[in-house]
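Everything on this sheet refers to the single structure shown next.
Protein chains: 2
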Amino acid sequence: MIAKKMQQEIANSSAIRAMFLEGKELAEKVGSEHVYDFSLGNPMTPVPEKYNQAIIEAVQQENALELHGYMDNAGYPKTRRAVAENLNQRFDTKFDESNIVMTVGAAGALNVVFKTILDPGDEVLALAPYFGEYRGYVSNHQGTLREVRPDTSTFQPDLTDLEAKITEKTKALIINNPVNPTGVIYSRETIQKIADILEQKQEEYHHEIYLVSDEPYRELVYDGMEVPFLTNYYDNTFVTYSFSKSLSIPGERIGYIAVCPQMADCARTVSGLSVANRILGFVNAPSLMQKALVSSLNERTDVAYYDRNRKLIYEKLTELGFTCVKPQGAFYLFLKSPEPEERKFVEKAKKYHILLVGGSSFSCPGYVRLAYCVSYEMILRSLPAFEKLAEEYREE
Amino acid sequence: MIAKKMQQEIANSSAIRAMFLEGKELAEKVGSEHVYDFSLGNPMTPVPEKYNQAIIEAVQQENALELHGYMDNAGYPKTRRAVAENLNQRFDTKFDESNIVMTVGAAGALNVVFKTILDPGDEVLALAPYFGEYRGYVSNHQGTLREVRPDTSTFQPDLTDLEAKITEKTKALIINNPVNPTGVIYSRETIQKIADILEQKQEEYHHEIYLVSDEPYRELVYDGMEVPFLTNYYDNTFVTYSFSKSLSIPGERIGYIAVCPQMADCARTVSGLSVANRILGFVNAPSLMQKALVSSLNERTDVAYYDRNRKLIYEKLTELGFTCVKPQGAFYLFLKSPEPEERKFVEKAKKYHILLVGGSSFSCPGYVRLAYCVSYEMILRSLPAFEKLAEEYREE
Numbered sequence: 001m002i003a004k005k006m007q008q009e010i011a012n013s014s015a016i017r018a019m020f021l022e023g024k025e026l027a028e029k030v031g032s033e034h035v036y037d038f039s040l041g042n043p044m045t046p047v048p049e050k051y052n053q054a055i056i057e058a059v060q061q062e063n064a065l066e067l068h069g070y071m072d073n074a075g076y077p078k079t080r081r082a083v084a085e086n087l088n089q090r091f092d093t094k095f096d097e098s099n100i101v102m103t104v105g106a107a108g109a110l111n112v113v114f115k116t117i118l119d120p121g122d123e124v125l126a127l128a129p130y131f132g133e134y135r136g137y138v139s140n141h142q143g144t145l146r147e148v149r150p151d152t153s154t155f156q157p158d159l160t161d162l163e164a165k166i167t168e169k170t171k172a173l174i175i176n177n178p179v180n181p182t183g184v185i186y187s188r189e190t191i192q193k194i195a196d197i198l199e200q201k202q203e204e205y206h207h208e209i210y211l212v213s214d215e216p217y218r219e220l221v222y223d224g225m226e227v228p229f230l231t232n233y234y235d236n237t238f239v240t241y242s243f244s245k246s247l248s249i250p251g252e253r254i255g256y257i258a259v260c261p262q263m264a265d266c267a268r269t270v271s272g273l274s275v276a277n278r279i280l281g282f283v284n285a286p287s288l289m290q291k292a293l294v295s296s297l298n299e300r301t302d303v304a305y306y307d308r309n310r311k312l313i314y315e316k317l318t319e320l321g322f323t324c325v326k327p328q329g330a331f332y333l334f335l336k337s338p339e340p341e342e343r344k345f346v347e348k349a350k351k352y353h354i355l356l357v358g359g360s361s362f363s364c365p366g367y368v369r370l371a372y373c374v375s376y377e378m379i380l381r382s383l384p385a386f387e388k389l390a391e392e393y394r395e396e
Numbered sequence: 001m002i003a004k005k006m007q008q009e010i011a012n013s014s015a016i017r018a019m020f021l022e023g024k025e026l027a028e029k030v031g032s033e034h035v036y037d038f039s040l041g042n043p044m045t046p047v048p049e050k051y052n053q054a055i056i057e058a059v060q061q062e063n064a065l066e067l068h069g070y071m072d073n074a075g076y077p078k079t080r081r082a083v084a085e086n087l088n089q090r091f092d093t094k095f096d097e098s099n100i101v102m103t104v105g106a107a108g109a110l111n112v113v114f115k116t117i118l119d120p121g122d123e124v125l126a127l128a129p130y131f132g133e134y135r136g137y138v139s140n141h142q143g144t145l146r147e148v149r150p151d152t153s154t155f156q157p158d159l160t161d162l163e164a165k166i167t168e169k170t171k172a173l174i175i176n177n178p179v180n181p182t183g184v185i186y187s188r189e190t191i192q193k194i195a196d197i198l199e200q201k202q203e204e205y206h207h208e209i210y211l212v213s214d215e216p217y218r219e220l221v222y223d224g225m226e227v228p229f230l231t232n233y234y235d236n237t238f239v240t241y242s243f244s245k246s247l248s249i250p251g252e253r254i255g256y257i258a259v260c261p262q263m264a265d266c267a268r269t270v271s272g273l274s275v276a277n278r279i280l281g282f283v284n285a286p287s288l289m290q291k292a293l294v295s296s297l298n299e300r301t302d303v304a305y306y307d308r309n310r311k312l313i314y315e316k317l318t319e320l321g322f323t324c325v326k327p328q329g330a331f332y333l334f335l336k337s338p339e340p341e342e343r344k345f346v347e348k349a350k351k352y353h354i355l356l357v358g359g360s361s362f363s364c365p366g367y368v369r370l371a372y373c374v375s376y377e378m379i380l381r382s383l384p385a386f387e388k389l390a391e392e393y394r395e396e
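Heads up: the sequence lines are chains A and B, in that order. According to our numbering, the residues represented by the first sequence are 1 to 396, in order. According to our numbering, the residues represented by the second sequence are 1 to 396, in order.
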């Protein structure tokens with residue numbers, strides 16, 4: 001007698017869990033060193049030592065009641081100020097503490113934003129392929145998610161389709177940059193065009209259409225690529241961020257929302273975010289983590305490690321004849337399935353102990369996601385298996 | 001153009017903020033030592049030293065990627081096991097780790113429970129007076145909150161009204177024990193009667209009616225009073241807990257849900273809670289806090305401090321002729337307004353720099369809540385002001 005909606009969610013979740021258990025069983029059978037698990041997007045590079053030191057110092061030096069206590073639902077003023085100044089230095093923005101709301105990770109941030117802006121029946125557009133959790137985040141707040149199809153030759157969005165999909169009901173567009181699952185970075189040109197389309201549609205429909213940017217991978221970029229900072233392109237923008245990947249601390253649930261100072265009704269909207277943080281039961285971002293962050297905003301995990309993985313796996317897979325757009329950020333690679341049904345490709349890969357996630361989970365069937373946040377050694381060990389997998393398709 | 005529902009929430013929130021600012025202004029005008037702020041329910045007794053030590057040891061000794069990393073959405077198995085065993089020792093229950101879901105505080109826990117069990121239009125009953133946030137927690141998930149009236153002579157619930165309010169649509173009853181704002185503890189007899197009513201109504205309507213127990217004040221009890229543990233009385237029970245008060249760490253957002261092992265469809269329901277934790281954007285309870293808890297489950301803040309406050313303020317206020325039920329737990333006292341309109345009483349108290357919250361915020365007009373989680377010295381300083389306030393009513 002649990003909620004009907006949840007019964008479906010549990011079924012979906014069980015499917016993922018079944019896959020996870022299957023992997024575990026496989027590891028038990030053939031030995032974990034012979035299983036090549038590219039299915040999980042979990043950070044695996046070190047937590048910066050300075051961050052751990054900041055935690056210890058906070059506990060040793062600060063008043064414990066203040067350190068572990070309630071603060072404004074938006075977060076400690078000092079942390080909010082530090083985040084604002086850090087963004088201003090890096091992206092030439094003009095944030096102050098009143099534009100920053102500290103959150104329980106980016107997942108918390110997105111739910112807080114959607115709670116604040118969505119009326120029942122409002123539509124949110126997402127650019128396929130996209131992180132499947134967005135569907136839940138939107139439906140939690142009685143919104144409906146609609147998809148914009150990709151240009152699969154580049155995995156930049158199909159802007160003609162974006163334009164066509166915006167209706168009277170469109171309240172927001174959610175963007176993930178760099179993109180999970182493709183590793184693509186939306187270029188400055190793409191972002192400018194998106195901003196232009198949204199501006200024009202706002203005028204046409206006489207109401208705000210928000211741009212919601214989900215940026216947990218902002219710091220994981222390669223070859224000196226630039227990730228455009230969206231408040232510099234479009235006023236009605238929320239940037240949501242998580243420190244999960246940049247500091248390798250996904251379990252701590254710490255992130256923020258940066259609200260463009262030029263957003264319509266900015267102050268009241270920030271009040272709304274703060275109230276939503278409370279009502280949704282987050283109340284505030286974990287306090288010790290907020291304190292420890294202040295001195296660690298420029299700390300980074302070992303991004304070069306992921307880059308080394310990226311180069312190896314991209315080079316080898318393309319050599320073997322697999323097709324994919326070269327990832328520029330995040331730690332994913334989106335491979336075209338050599339046969340139309342990705343499910344069959346995933347099954348064949350499993351025969352060689354390679355675990356992948358089907359593109360259907362990201363609303364982009366015919367592809368598979370490979371997460372290379374794994375050890376370099378595992379990638380090396382997996383290469384003969386990929387060779388055999390490729391051979392199977394050459395034979396056909 | 002933010003959500004319509006949120007506009008009302010922001011207005012309510014602004015009223016509270018206005019009160020807060022008024023208090024601040026008053027403190028600036030007359031000096032903070034002459035302002036007697038009994039409006040906030042913030043813990044103010046020390047964080048146990050052992051807990052802070054556990055945090056430092058975890059950071060120094062554990063693998064950082066594991067310490068700050070993702071785990072199952074329900075929490076670290078070791079923490080869940082420790083919580084289960086601790087409850088079993090104290091309450092003669094039969095939990096194991098599969099019955100425990102670690103959450104972002106009790107507020108997070110309640111949202112996770114409601115997301116899991118509520119279909120749109122389902123009703124949740126609350127026993128007035130109750131913590132006003134429950135309204136939001138229920139409506140977040142398209143449920144409707146209905147109130148059961150209090151027996152104001154004892155502030156135990158009016159069980160005849162409870163029985164009358166249960167309908168075909170009732171999915172759950174939420175209980176807070178000890179109660180914010182009255183400080184009353186629902187007795188074993190009350191709980192047994194509630195369980196009997198729910199059992200009978202379950203049979204009548206052929207579906208589960210869940211008991212959701214919100215217990216952040218469980219450890220804050222006085223005079224050796226017992227707080228009945230609800231899974232021992234009723235099978236379809238969720239106990240939600242927060243360490244905010246027992247360890248004075250409200251900013252850290254750490255709590256749990258304990259699911260009665262005899263609950264109908266128990267395993268699937270726990271899966272639902274775990275999935276809800278993810279979908280709602282909590283993902284998991286903060287990881288470092290989960291680790292630090294394991295060795296601190298029997299630690300307590302200085303409960304005797306609150307007890308000393310309780311005795312002083314209760315004794316003095318009743319001496320002055322004010323009426324209230326003697327609190328048995330939590331750190332609140334619910335005073336009868338000497339005039340029918342509590343708003344006027346709150347205003348008169350403010351004249352003497354005493355800040356109180358009206359009972360209407362707890363769906364119980366004609367009363368005010370006084371939070372005695374303040375310094376003993378402030379209570380002593382406030383007594384002459386209460387004397388003047390009492391005099392004002394004697395003159396009338």
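Note that the Cβ used here is the ideal one computed from N, Cα and C, for glycine as well.
Is the beta carbon of B/VAL124 sitting closer than 7 Å to the one on B/PHE282? Position 124 of the second sequence, counting from 1, holds the residue named residue 124 of chain B. Position 282 of the second sequence, counting from 1, holds the residue named residue 282 of chain B. At least 7 Å separates the beta-carbon of B/VAL124 from that of B/PHE282.
For a contact defined as C-beta to C-beta under 7 Å, what are the partners of A/ASP241 on chain B? Here residue 241 of chain A refers to the residue found at position 241 of the first sequence. For the record, residue 241 of chain A in the displayed sequence is Tyr; it is not Asp. Ordered by position in chain B, no residue passes the 7 Å Cβ test against A/TYR241, which lies about 14 Å from the chain.
Between A/ALA390, A/ALA3, A/ALA276, which lies nearest to A/GLU101 when the distance is taken from Cα to Cα? Reading the first sequence from its first residue, position 101 is the one you call residue 101 of chain A. Correcting the residue type first, residue 101 of chain A is Val in the shown sequence and not Glu. Measuring from the Cα of A/VAL101, the nearest candidate turns out to be A/ALA276.
DSSP three-state assignment for B/VAL148, whether helix, strand or coil: The residue you call residue 148 of chain B lines up with position 148 of the second sequence. Three-state DSSP puts B/VAL148 in a strand.
Please give me, in chain order, every unbroken run of the beta strand (DSSP E) with length at least 3 that falls completely inside the segment 203 to 286 of chain A. Runs of the beta strand (DSSP E) lying entirely within the segment 203 to 286 of chain A, each at least 3 residues long, are 210 to 214, 237 to 242, 255 to 259 in chain order.
Write down every uninterrupted run of the alpha helix (DSSP H) in the segment 77 to 137 of chain A whose length is 4 residues or greater and which is fully enclosed by it, in chain order. Complete alpha helix (DSSP H) runs here, min 4: 77 to 91, 105 to 117.
In the DSSP output, what is A/ASN176 paired with across the bridge? Position 176 of the first sequence, counting from 1, holds the residue named residue 176 of chain A. Answer is A/ASP214.
Please confirm whether A/LEU118 has its beta-carbon closer than 7 Å to some beta-carbon of chain B. Translated into positions along the first sequence, residue 118 of chain A becomes position 118. Answer yes: the Cβ-Cβ gap between A/LEU118 and chain B drops below 7 Å somewhere.
When the Cα of A/PHE114 is compared with those of A/ARG90, A/GLY132, A/LEU145, A/LEU87, which residue comes out closest? In the first sequence, residue 114 of chain A corresponds to position 114, counting from 1. Minimum Cα distance to A/PHE114 is reached at A/LEU145.
Taking the alpha helix (DSSP H) that A/LEU21 falls in, what are its first and last residues? Within the first sequence, numbered from 1, the residue matching residue 21 of chain A stands at position 21. Looking at the DSSP string, the run of the alpha helix (DSSP H) that includes A/LEU21 is 4 to 30.
B/LYS171 and B/LEU118 closer than 7 Å at C-beta: Taking the second sequence and counting its residues from 1, the one referred to as residue 171 of chain B is at position 171. Taking the second sequence and counting its residues from 1, the one referred to as residue 118 of chain B is at position 118. Judged by their CB atoms, B/LYS171 and B/LEU118 are nearer to each other than the 7 Å cut-off.
Please tell me whether B/VAL47 and A/HIS68 are closer than 7 Å, where the distance is taken between their beta carbons. Indexing the second sequence from 1 puts residue 47 of chain B at position 47. Indexing the first sequence from 1 puts residue 68 of chain A at position 68. A distance below 7 Å separates the beta carbons of B/VAL47 and A/HIS68.
Would you please verify whether the beta carbon of B/PRO286 is less than 7 Å from any beta carbon of chain A? Here residue 286 of chain B corresponds to residue number 286 of the second sequence, with the count starting at 1. It does; some Cβ of chain A falls within 7 Å.
How about A/ASP265: is its Cβ closer than 6 Å to a heavy atom in the ligand MG? This structure lacks the ligand MG, and indeed carries no ligand of any kind.
To which residues does DSSP link A/VAL357 through a beta bridge? Mapped onto the first sequence, residue 357 of chain A falls at position 357. A/ARG369, per the DSSP bridge assignment.
Quick one, are the C-beta atoms of A/THR79 and A/LEU87 less than 7 Å apart? Residue numbering aside, residue 79 of chain A sits at position 79 when the first sequence is read from its first letter. Residue numbering aside, residue 87 of chain A sits at position 87 when the first sequence is read from its first letter. Contact flag unset, no.
Would you say A/TYR217 and A/PRO178 are within 7 Å of each other, going by their C-beta atoms? Numbered from its first residue, the first sequence carries residue 217 of chain A at position 217. Numbered from its first residue, the first sequence carries residue 178 of chain A at position 178. A contact, by the Cβ cut-off of 7 Å.
With 7 Å set as the bound, which would you pick, yes or no: does the beta-carbon of A/VAL47 sit closer than that to a beta-carbon of chain B? The residue given as residue 47 of chain A occupies position 47 in the first sequence. So yes, A/VAL47 belongs to the interface.
Taking only runs of the alpha helix (DSSP H) that begin and end inside the segment 280 to 332 of chain A, which ones reach a length of at least 4 residues, in chain order? DSSP runs (the alpha helix (DSSP H)) wholly in the segment 280 to 332 of chain A: 287 to 293, 303 to 319.
In chain order, what residues of the segment 51 to 76 of chain B put their CB closer than 8 Å to some CB of chain A? Listed by position along the chain: ASN52, ILE55, ILE56, VAL59, GLN60, ALA64, LEU65, LEU67, HIS68, GLY69, TYR70, MET71.
Touch check for the segment 249 to 262 of chain A and the segment 18 to 37 of chain A: three-plus C-beta pairs under 8 Å? In short, these stretches do not touch, since the Cβ pair count stays below three.
Interface partners of B/ILE175 on chain A, CB under 8 Å: Mapped onto the second sequence, residue 175 of chain B falls at position 175. Below the 8 Å Cβ cutoff, chain A contributes no neighbours of B/ILE175, its closest Cβ being approximately 18 Å away.
Touching by the beta-carbon criterion (3+ pairs, under 8 Å), the segment 317 to 333 of chain A and the segment 178 to 188 of chain A: The answer is yes - the segment 178 to 188 of chain A touches the segment 317 to 333 of chain A, with three or more Cβ pairs under 8 Å.
Determine the chain B residues that contact A/PRO250 at a beta-carbon separation under 7 Å, and present them in chain order. One-based indexing of the first sequence puts residue 250 of chain A at position 250. At a C-beta separation below 7 Å, A/PRO250 has these neighbours in chain B: GLY69, TYR70.
Determine the chain A residues that contact B/ILE10 at a beta-carbon separation under 7 Å, and present them in chain order. The residue labelled residue 10 of chain B in the question sits at position 10 within the second sequence. Neighbours of B/ILE10 on chain A, chain order: ARG268, SER271, GLY272, VAL275.
For A/TYR352, does the three-state DSSP call read helix, strand or coil? As a first step, residue 352 of chain A must be located in the first sequence, where it is residue number 352. Here A/TYR352 sits in coil by DSSP.
Does the segment 129 to 141 of chain B come close enough to the segment 244 to 260 of chain B that 3 or more CB-CB pairs lie under 8 Å? Taking 8 Å as the limit for Cβ pairs, the verdict is that the segment 129 to 141 of chain B does not touch the segment 244 to 260 of chain B.
Buried or exposed: A/GLY329, going by 16 or more other Cβ atoms within 10 Å of its Cβ? Within the first sequence, residue 329 of chain A is the residue found at index 329, counting from 1. Buried, by the Cβ-count rule.
Drop a sphere of 10 angstroms on the beta-carbon of A/ARG135, count the other beta-carbons inside from all chains shown, and report buried for 16 or more, exposed for fewer. Within the first sequence, residue 135 of chain A is the residue found at index 135, counting from 1. Buried, because 16 or more other Cβ atoms sit within 10 Å of the Cβ of A/ARG135.
Contact set between B/VAL283 and chain A, taken where Cβ atoms lie within less than 7 Å: Counting from one through the second sequence, the residue named residue 283 of chain B turns up at place 283. Those are GLY105, ALA107, ARG253, listed as they occur along chain A.
Would you mind telling me which residues of chain B sit closer than 7 Å to A/LYS245, beta carbon to beta carbon, in chain order? If you number the first sequence from 1, residue 245 of chain A lands on position 245. The contacting residues do not exist; A/LYS245 stays about 11 Å from chain B at best.
Let me know if B/HIS207 comes out buried or exposed under the rule of 16 or more other beta-carbons within 10 Å of its beta-carbon. Against the second sequence, residue 207 of chain B aligns to sequence position 207. By the neighbour-count rule (16 or more Cβ atoms within 10 Å), B/HIS207 is not buried but exposed.
Close beta carbons around B/GLU339, own chain, < 7 Å, minus the five adjacent residues each side: Here residue 339 of chain B is taken as the residue at index 339 of the second sequence, counted from 1. If you ignore the 5 residues before and after B/GLU339, its C-beta comes within less than 7 Å of the C-beta of PHE345, all in its own chain and listed in chain order.
Looking at B/THR45: is its Cβ nearer than 7 Å to the Cβ of B/SER248? Start at 1 with the first residue of the second sequence, and residue 45 of chain B comes out as number 45. Start at 1 with the first residue of the second sequence, and residue 248 of chain B comes out as number 248. Between B/THR45 and B/SER248, the C-beta spacing is below 7 Å.
Taking DSSP's pairing of strands, which residues face B/LEU335 in a bridge? The residue given as residue 335 of chain B occupies position 335 in the second sequence. For B/LEU335, the pairing in a beta bridge is given by DSSP as B/CYS324, B/VAL368.
Tell me B/THR170's beta-bridge partners as DSSP assigns them. The residue given as residue 170 of chain B occupies position 170 in the second sequence. In DSSP, B/THR170 forms a bridge with B/GLU123.
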